[in-house]
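In this note's numbering, the protein residues as written are 53 to 303.
Below: the structure, in structure tokens.
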Ligand SMILES: NC(=O)c1ccc[n+]([C@@H]2O[C@H](COP(=O)([O-])OP(=O)(O)OC[C@H]3O[C@@H](n4cnc5c(N)ncnc54)[C@H](O)[C@@H]3O)[C@@H](O)[C@H]2O)c1
């Protein structure tokens, strides 16, 4: 096996990964771990506990809860001595025609996808500024941050919000050595639509044709981009949305 360049290493770096129990988040924990990171893995699903090890601390709770964001940063400090990387990955989807979207659904999607993101980023940046060693925020956004997908008003608006949020963090905290970027993810074969369709994986796989590569992504392919953006190799990338969409938005 060819060794990765040192600039890709995350050896000894401390990371928080939200939405870590399954899908893209679980793969992010795996890849960051392989690169040497120490990780706080959080999720509202109890089965996130399966990831626990001497290098992975677990937190359960809802990302939209302010106490969860504080607890994640506190745990990173207690268990591993600080915080270098936040991966804001937790998210949920809603496929509903615009006119059928209720205020409650709008709020629920915004709570996880936008508010949760904001709270974790704010607590993480506070801790990074206090420590004075810089850091990296990586947000898992979507093609829906930049193009309209059918029946995704609440989801698309929330994903556009977080793509914008990283830009503000980048300009306000670049001089603290903090980089903030988002990944514009195309369709990935995970269970994200589990609550709304019968066979979420088959539904997602059917989107393959819409991508220039003629297929959807596997979660590990997104985790690789996240790990790159968190690493010194990406030291001059900040305030941007990096598309990892198999050419979905190239048309
Ligand atoms: N799968 C796709 O096609 C796709 C495309 C673009 C973007 N994304 C984004 O990627 C991220 C990961 O999605 P995925 O496909 O792995 O989905 P997934 O449903 O497999 O995993 C999401 C994880 O986040 C957790 N989570 C959701 N809401 C939470 C909350 N309020 N508090 C704590 N944990 C919460 C879930 O329990 C789950 O473990 C999401 O932000 C999603 O919007 C996914």
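By construction, the Cβ of each residue, glycine as well, lies at the ideal position given by its N, Cα and C atoms.
Close-in-space but distant-in-sequence residues of the same chain around residue i (CB under 6 Å, 5 per side omitted)
i	result
residue 188	137, 231 and 282
residue 109	92, 127 and 131
residue 244	145
residue 201	none
Closer than 6 Å: residue i CB and nearest ligand 1 heavy atom
i	result
residue 233	no
residue 164	yes
residue 244	yes
residue 169	no
residue 237	yes
residue 141	yes
residue 282	no
residue 287	no
residue 258	no
residue 91	no
residue 77	yes
residue 240	yes
Contact set for residue i: own chain, Cβ-Cβ below 7 Å, skip 5 residues either direction
i	result
residue 107	85, 90 and 91
residue 259	239 and 268
residue 114	96 and 120
Coarse secondary structure for residue i, derived from DSSP in three states
i	result
residue 292	coil
residue 146	coil
residue 75	helix
residue 104	coil
residue 137	strand
residue 188	strand
residue 301	helix
residue 248	coil
Residues that DSSP places opposite residue i in a beta bridge
i	result
residue 223	Answer is none; residue 223 lacks a bridge partner.
residue 95	112
residue 236	193 and 295
residue 153	In the DSSP output, where bridge partners are listed per residue, residue 153 has none listed.
residue 67	91 and 137
residue 204	148
residue 269	240
Cβ separation of residue i and residue j, assumed to be a contact under 8 Å, to the nearest whole Å
i	j	result
residue 237	residue 195	7 Å
residue 94	residue 168	Not confirmed; about 10 Å, so no contact.
residue 66	residue 141	So it is not a contact: roughly 16 Å between Cβ atoms.
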